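Comments concern the structure below.
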Ligand code: NG6
Ligand code: CA
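In this note's numbering, the protein residues as written are 24 to 508.
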């Protein structure tokens, strides 16, 4: 194995375990993602650390469980950066080993130190550039949150200084002179089903208010092409040196507005269309690697941050047009849920000529990428949450994690040990009614045996109190471990 292969992580947003044809979808076709399996290992038991975005991304980049930080939750667009400047990170690992590191796409981990409100019209301190990326071209939070602008490094792209940007999340209606999704439904090209009724940008109601920055606003339909072009340029510019690219796709998160080419491309409506668009992006970036003859010197990982959801706040008909497609495959729950549908995600590790293509059921977590790549680069790191699973990723060993830890939407613990999965009790709502999702929240403990019950229907917590207690002990140990960042 070349000691310094390039590494590309392609990270989808809200793509489910059952959303890819290589994971069993029959109503959606994803030929480009599928073809990664020809040179790679498709993992059936891979997890993110959370059923929502920010904590999952935090873990992937820091190698830490979300519980190591006291504020890892879905962030507004003007939140402070959750990753401290002195925190050891995946991009820092690569950078320290002579790689050029880049991030293209969704960030959603906050910007600035949070000491004062962000001034969007000046270069911002504490961005991805301060946590290990040499360059970044991002949007700050999610596609449905303001500010709807791109960032290149520390600056908003295409900003006209005579039209400064203001962003507000706290006040109720800070810019009464501007239309909002709530007041001006006639201006919307995509209506909200819940929330998403603050600022209107590109005919879409968003979360949060913004004013100004007209020349800098993105068009949702152009997001895919814009990010793809940046990712391709990054590969072009780094073809002669080791590089790490984190290509954080915005699909299939809401609002789902694909480019013209993909609008109407599938029979599943907007959600199917943006998945098709996402798949195309994967094919394009693979073609770029091929063009430069880099495939047998590049590890490509494809995964998703959390489970899927049909209606996440816009009336885009995802639910009615879904037909028989099961975005979570055989799993229960979905985005926001503590059941496996929220946290078990597609994960393909592709490395042409270096791994023997196969399907692996070893248990792995995205938090393990830090330590696994540290092992690849012969670098000792202090982190204990992240485990070295390089031999598993390379297909040389089947020994995945003994114990897997994830964190539910409201900070409760989820633990998997072998085939057992434990979901801590809590008093939150068991269902998001408007979203049709079972959050998995119950005022009693849940314990399932995935081997006979992949759909987590038969609660064995009472019957198997010995195992329940054993798993509780493991959670206690993890939570009380002293972790060095
Ligand atoms: C929720 C939003 C949802 C989505 C999610 C974050 C509403 C009603 N819902 O609060 O649309 O943006 O946050 O998704 O506003 S994530 O994938 O980034 O975690
Ligand atoms: Ca997400």
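We treat Cβ as the ideally placed atom computed from N, Cα and C, and that holds for glycine. Remember, predicted model here, so these are calculated numbers, not experimental data.
Residue i CB to nearest heavy atom of ligand 2 below 7 Å
i	result
residue 394	no
residue 14	Since the first residue shown for the chain is 24 and the last is 508, residue 14 is missing from the structure and cannot be characterised.
residue 328	yes
residue 153	no
residue 408	no
residue 167	no
residue 36	yes
Contact test: residue i Cβ vs ligand 1 heavy atom, cutoff 7 Å
i	result
residue 219	yes
residue 76	yes
residue 243	no
residue 511	Any property of residue 511 remains undetermined from this structure, which presents the chain solely from 24 to 508.
residue 336	yes
residue 273	no
residue 298	no
residue 97	yes
residue 315	no
residue 131	yes
residue 366	no
residue 161	no
residue 230	yes
Of the residues the options, the one placed nearest residue i, counting alpha carbons only
i	options	result
residue 322	193, 151, 47 and 416	416
residue 328	51, 353 and 130	130
residue 476	455, 401, 419 and 363	363
residue 314	159, 256 and 172	256
residue 360	182, 47, 267 and 431	431
residue 23	468, 374 and 352	The chain is shown from 24 up to 508; residue 23 falls before or after that span and cannot be answered.
residue 97	54, 155, 168 and 33	168
residue 174	162, 166 and 271	162
residue 466	503, 269, 451 and 436	451
residue 154	470, 238 and 81	81
residue 157	171, 64, 453 and 176	176
residue 141	37, 111, 103 and 56	103
residue 464	214, 355 and 240	355
residue 250	459, 33, 408 and 330	33
One or two residues paired with residue i in a DSSP bridge
i	result
residue 69	387
residue 417	According to DSSP, which records beta bridges pairwise, residue 417 is partnered with nothing at all.
residue 443	440 and 472
residue 29	321
residue 426	440
residue 34	271 and 326
residue 64	372 and 381
residue 460	455
residue 266	123
Cutoff 8 Å: residue i Cβ touching any chain B Cβ
i	result
residue 277	Among the protein chains of the structure shown there is no chain B, as only one such chain exists.
Uninterrupted alpha helix (DSSP H) stretches inside the stretch 316 to 401 (no shorter than 4 residues): Within the stretch 316 to 401, the complete alpha helix (DSSP H) runs of at least 4 residues are 363 to 366 and 392 to 399.
Meets three-Cβ-pair contact criterion under 8 Å: the stretch 86 to 97 and the stretch 397 to 413: Put simply, the stretch 86 to 97 touches the stretch 397 to 413. At least three CB pairs are less than 8 Å apart.
Just list the beta strand (DSSP E) runs in the stretch 120 to 183, keeping only unbroken ones of 3 residues or longer that don't cross its boundaries, in chain order. 123 to 129 and 158 to 162
Kindly provide the ranges of any beta strand (DSSP E) runs that are 3 or more residues long and lie completely inside the stretch 173 to 260, ordered along the chain. 189 to 191 and 232 to 234
For the structure I just gave you, are there three or more beta carbon pairs, one from the stretch 424 to 440 and one from the stretch 376 to 395, closer than 8 Å? yes
When the Cβ atoms of the stretch 335 to 351 are set against those of the stretch 280 to 298, are three or more pairs found closer than 8 Å? yes
Evaluate the contact criterion for the stretch 267 to 279 versus the stretch 112 to 125: three or more CB pairs, one atom per stretch, below 8 Å. yes
Three-pair Cβ contact test at 8 Å for the stretch 483 to 503 versus the stretch 432 to 446: Yes, the stretch 483 to 503 is in contact with the stretch 432 to 446.
For the structure I just gave you, are there three or more beta carbon pairs, one from the stretch 190 to 199 and one from the stretch 220 to 240, closer than 8 Å? yes
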